[in-house]
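So the structure is just underneath, and the comments pick up after that.
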Amino acid sequence: MEIRHSVCALDCPDACSVLVHVEDGRATKLRGNPEHPVTRGFLCGKVARYLDREYSPARLLYPQKRIGAKGEGRFTRISWDEALDTIAGRLQEITSEHGPESILPYSYAGTMGLLNGAGMDRRFFHRLGASRLDRTICSATGSAALTATLGLRYGTEPEQFKHSKLIIAWGANIHGTNVHLWPFIVEARRNGAKLWVIDPVKTRTAALADRHLSIYPGSDLALALGMIHVIVREQLHDTDYISSFTNGFDALAELAHEYPPERVASLTGIDTTDIVELARVYATTRPAVIRLNYGIQRSERGGAAVRAVTALPSLTGSWKEVGGGLQLSTSQAFHLNRDALEMPELQQLSPLGRTARIVNMAELGKALTQLDQPRVHAMVVYNSNPAAIAPHQNKVLSGLRRDNLFTVVLEQCQTDTADYADILLPSTTFLEHSDLYFAYGHHHLQLARPAVAPPGEARSNVDVFRALAERMGFDDACFRDSEDNMIRALLGSGHPYLQGITLERLEQEHSIRLNVARGDAAFLPFAKGGFGTPSGKCEFGAETLRYSPPAESRLGDEKLRSRYPLELISSKNDDSMNSTFGNRDGVDEQTSLLYLHSMDAASRGIYSGDQVRVFNDRGSLTLRAEINGAVRPGVARAPSVRWNKRAKDRKNVNALTSDRLTDMGGGPVFYSCLVEVERCGD
Ligand SMILES: Nc1nc2c(c(=O)[nH]1)N[C@H]1C(S)=C(S)[C@@H](COP(=O)(O)OP(=O)(O)OC[C@H]3O[C@@H](n4cnc5c(=O)[nH]c(N)nc54)[C@H](O)[C@@H]3O)O[C@H]1N2
Ligand SMILES: Nc1nc2c(c(=O)[nH]1)N[C@H]1C(S)=C(S)[C@@H](COP(=O)(O)OP(=O)(O)OC[C@H]3O[C@@H](n4cnc5c(=O)[nH]c(N)nc54)[C@H](O)[C@@H]3O)O[C@H]1N2
Ligand code: SF4
Ligand SMILES: [Mo]
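With my numbering applied, the sequence shown covers 1 to 682.
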């Protein structure tokens, strides 16, 4: 038995260091690497069982072409030659008929690996002159908000949470979606720290907390303003830090003056006394850290909400303290040379001869059914399952059904999107290809080499786009680049955080902490200012922070809520990863549920276990009611994301979600979604 090093490639802040037991070329066990300073020797439940996927009979093994109707899922095996020739031929025809911008790549973070996620594929589409994809589906709103406020998308690293005395999990289901932060919180609590959770849902994290504030969905901006009101009124703010390192305090204080706790209570559903206590506890407990995750930025005013929450550590000076500050993401600390990897300049060599238009992935339905000049005639999907995960699903599916849309899908399994492919290509898993991994929940850069050989004729994304470039006649040297050269290019940004980190060292050490601080010392990015904004200061931006409830919420559009009175949150399922693992029976069961409050259930004659129809103007689907005390009256939760095809009506919760965009960054509003529910059988 041999032990090989790998890295979990799933879209998770933790980016676990994985040890793979290999016997006779076959992986027999995955376990956490005990030597990794953050992921410390364990894997989450979903990935500890990953070998069921790796060796599943459902893995795609050969290229195939569609023989049934779009969406039906009937395919026949073809050779790689035929597949690549067909794709290259169609892309060439479409380019000459409609221009290259009529080709749309569609990808997200099915793998977090940089080469297979944003490497040869980007070079290929740039050289082709294809439309560029604005990858907004997850974090664009929060990213835009961090950039506006801090100028940099990083903050407190997980290792420092153990020093905190107060941890606020704000729209963050740490135990479910970021479980490697949990042991640091356990350690802090052993030393007396308290954990507060602000979440409309009683998640596993909330159930384990000292305090859980069940907030109305989409009202976090109001709560943050209420906290600022109390902090300023009681003079708990750090005037030295504010005057040295921030901009716009007076305007923020003036705005917050309009949000006394009594008013905020009516906007957020949190008691006045709890709001006051939260503000006082936050401002007076030292050090206090906020783990903000992406939950709050998936609503209509999500950008402003992130800005207001991010203002808090700058108001109290908490950035100065080890165990203080805030973490939404750590991703920008990596400072990799992404331009050298993606080569946007190749667009100049394309038939377009200029930078291509940009299409927002959160508006895929519109892009396929309404976008013009040119219309989208081909879509190449990889690392994503848009038929299941994109909002306003009925619009997306009607686009995918278009006869005159040529669709290529690179996949490991036959997902809902794969069913719509004209050509379906089998992809490798992270155990089968090389890649370099950054993380959005820690500061350790990691390298993984293949631990096992790919099954059948599966190929990595790097390999497929390299082969497609060749068929298209792109003879630029960059398409012959090896994986190692691409990694060297990424590492070559010259940024001090990457200094001394080489491919050779990564090969030896597998995981290396960025040079964010000396040795094991804490990284305190904003202890002495150092913000990345043009002013170099934290920008409160009060002029953008006035609160108005989301149109799709209990205090929003009156007409709408009279017909659809329930606020639906389709947040992450603990035991899956977006739609990945949707083929597992257990996951299918978990994601076919709708959590309701007992009062909402009773008034509709619904009991736990009943089939219910959930609907609004965009769509309707059937789920199974679960009355379990997880949500307050007026809120419903559907753990997500189910595979459509596993449902009788072949739809999931995104049949209900809206393709309206948030206030910043063009992100989707998955969690601002009004619905009605009725009983439809046993
Ligand atoms: N197990 C598991 N882990 C995952 C994933 C998964 O699908 N499953 N997905 C991965 C991905 S892609 C991401 S982006 C991360 C996301 O990780 P998180 O951001 O932690 O996940 P979410 O479920 O989107 O949202 C977190 C919490 O926000 C709450 N929430 C929703 N609306 C509001 C609101 O208006 N205000 C407040 N205060 N809270 C709100 C939800 O109830 C949820 O409990 O997790 C990653 N890890
Ligand atoms: N209702 C609702 N919808 C949501 C969300 C929600 O909370 N609620 N969350 C949103 C968020 S935060 C996100 S990030 C998106 C995620 O949406 P997606 O990025 O589409 O993520 P997954 O559903 O996990 O699908 C990833 C796919 O990539 C494939 N894959 C993995 N590795 C590779 C590889 O190396 N090569 C190729 N070719 N394929 C690979 C997997 O098999 C899988 O089918 O969903 C969004 N949609
Ligand atoms: S999904 Fe997250 S927690 Fe689970 S093994 Fe992968 S990186 Fe670790
Ligand atoms: Mo995400």
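Idealized CB from N, CA, C, for every residue including glycine.
*asked:* So, at 8 Å on beta carbons, what are the nonlocal neighbours of V723 in its own chain, with the 5 sequence-adjacent residues on each side left out?
replied: One cannot answer for residue 723 here, as it falls past the ends of the chain, which runs 1 to 682.
*Tell me which same chain residues have a C-beta within less than 7 Å of the C-beta of L252, skipping the five on either side of it?*
Only I228, A311, F540, A542 meet the Cβ criterion.
_Quick check: does the Cβ of L10 come within less than 6 Å of any heavy atom belonging to ligand 3?_
L10 Cβ: within cutoff of ligand 3.
*Can you tell me where the beta strand (DSSP E) with F75 in it begins and where it stops?*
75-77 is the extent of the beta strand (DSSP E) around F75.
*asked:* Across the region 77-95 and the region 478-488, are there enough close Cβ pairs to call them in contact, namely three or more that are closer than 8 Å?
replied: Here the region 77-95 does not lie against the region 478-488, with fewer than 3 beta-carbon pairs under 8 Å apart.
*Would the C-beta of C16 count as close to ligand 3, meaning under 6 Å from any of its heavy atoms?*
Yes.
*Measuring CB to CB, does V306 end up less than 7 Å from G532?*
Cβ atoms of V306 and G532: not closer than 7 Å.
*Option in V201, R127, A27 with minimal Cα separation from R466*: Scanning V201, R127, A27 for the CA closest to the CA of R466 turns up R127.
_Length at least 3, wholly inside the region 597-665: the beta strand (DSSP E) runs in chain order_ = For the region 597-665, whole beta strand (DSSP E) runs of length 3 or above, ordered along the chain, are 611-616, 619-626, 635-637.
*Just how far apart, CA to CA, sit Q160 and G41?*
When only Cα atoms are considered, Q160 and G41 end up about 18 Å apart.
_Opposing strand residues paired with I358 [DSSP bridges]_ = DSSP lists R132 as partners of I358.
*Please report the residue range of the beta strand (DSSP E) in which P426 lies.*
Element bounds for P426: 423-426.
*Provide the residue span of the beta strand (DSSP E) that contains F526, from first to last.*
No residue range can be given for F526, since it is assigned to no beta strand (DSSP E) and is classified by DSSP as neither H nor E.
*Under 7 Å between C-beta atoms, does L503 make it to chain D?*
In the structure shown, chain D cannot be found, because there is only a single protein chain.
*Evaluate P496 with the Cβ neighbour count: other Cβ atoms within 10 Å of its Cβ, from every protein chain shown; 16 or more gives buried, anything less gives exposed.*
Answer is exposed; the Cβ neighbour count stays below 16.
*Within 10 angstroms of its Cβ, does S266 collect 16 or more other Cβ (buried), or is it exposed?*
Sixteen is the threshold: since fewer than 16 other Cβ atoms of the shown chains lie within 10 Å of the Cβ of S266, the residue is exposed.
*With DSSP as the reference, label H5 as helix, strand or coil.*
DSSP places H5 within a strand segment (E or B) once states are collapsed to three.
_Nearest candidate by alpha-carbon position, reference V309, set R480, D617, L292, D271_ = If we check each option's Cα against that of V309, L292 comes out closest.
*asked:* Spatial neighbours of P386 within its chain, please: C-beta separation below 7 Å, excluding the five flanking residues on both sides.
replied: So the qualifying residues of the chain are Y106, L364, V396, T417.
_Candidates A601, S640, L104, L146, of which the one nearest R135 by Cα_ = Looking at the Cα atoms, L104 is the closest of the given residues.
*Coil, strand or helix - V516 by DSSP*: Note: V516 maps to coil in three-state DSSP.
*Run through the region 232-276 for me and flag every whole alpha helix (DSSP H) of 4 or more residues, listed as ranges in chain order.*
Entirely contained in the region 232-276, the alpha helix (DSSP H) runs reaching 4 residues are, in chain order, 239-245, 249-257, 261-268.
*When you compare only the Cα positions, how much space is there between L424 and S640?*
Cα atoms of L424 and S640: separation of roughly 25 Å, rounded to the nearest angstrom.
*Would you give the residue range spanned by the alpha helix (DSSP H) that H175 belongs to?*
Counting along the chain, the alpha helix (DSSP H) containing H175 begins and ends at 174-177.
_Beta-carbon separation (whole angstroms), N686 vs G117, contact threshold 8 Å_ = There is simply no residue 686 to check, as the chain begins at 1 and stops at 682 in what is shown.
*What whole-angstrom Cβ distance do A304 and L115 have, given they're in contact under 8 Å?*
Actually they are not in contact, since the Cβ atoms of A304 and L115 sit about 36 Å apart, beyond 8 Å.
*State whether the region 214-232 contacts the region 263-277, with contact taken as three or more CB pairs (one from each stretch) at a distance under 8 Å.*
With a cut-off of 8 Å, the region 263-277 and the region 214-232 count as touching, because enough Cβ pairs lie within range.
_T203 burial status per 10 Å Cβ neighbour count (16 or more: buried)_ = With 16 or more Cβ atoms within 10 Å of its Cβ, T203 is classed as buried.
*Consider the C-beta atom of S434 and the heavy atoms of ligand 6; say whether any pair is separated by less than 6 Å.*
As presented, the structure is devoid of ligand 6, carrying ligand 1, ligand 2, ligand 3 and ligand 4 as its sole ligands.
_CA nearest to the CA of A625, picked from R642, V677, D588_ = Nearest C-alpha to A625: V677.
*Taking 8 Å as the threshold, find out whether the region 235-246 comes into contact with the region 601-608 through three or more Cβ pairs.*
Under the Cβ criterion (8 Å, minimum of three pairs), the region 235-246 does not count as touching the region 601-608.
*asked:* Would S384 and Y55 be called neighbours here (beta carbons separated by less than 7 Å)?
replied: It is not a contact, given that the beta carbons lie outside the stated cut-off.
_Local conformation of P183 per DSSP, three classes_ = The three-state reading of DSSP puts P183 in helix, counting H, G and I together.
*Starting from S398 and walking both ways along the alpha helix (DSSP H), at which residues does that stretch end?*
S398 -> alpha helix (DSSP H) spans 393-400.
*Are the beta-carbon atoms belonging to H597 and P633 less than 7 Å from one another?*
For the pair H597 and P633, the CB atoms are nearer than the 7 Å cut-off.
*How far does the alpha helix (DSSP H) with A288 in it reach, from first residue to last?*
Where A288 is concerned, there is no enclosing alpha helix (DSSP H), although the beta strand (DSSP E) it sits in stretches over 288-292.
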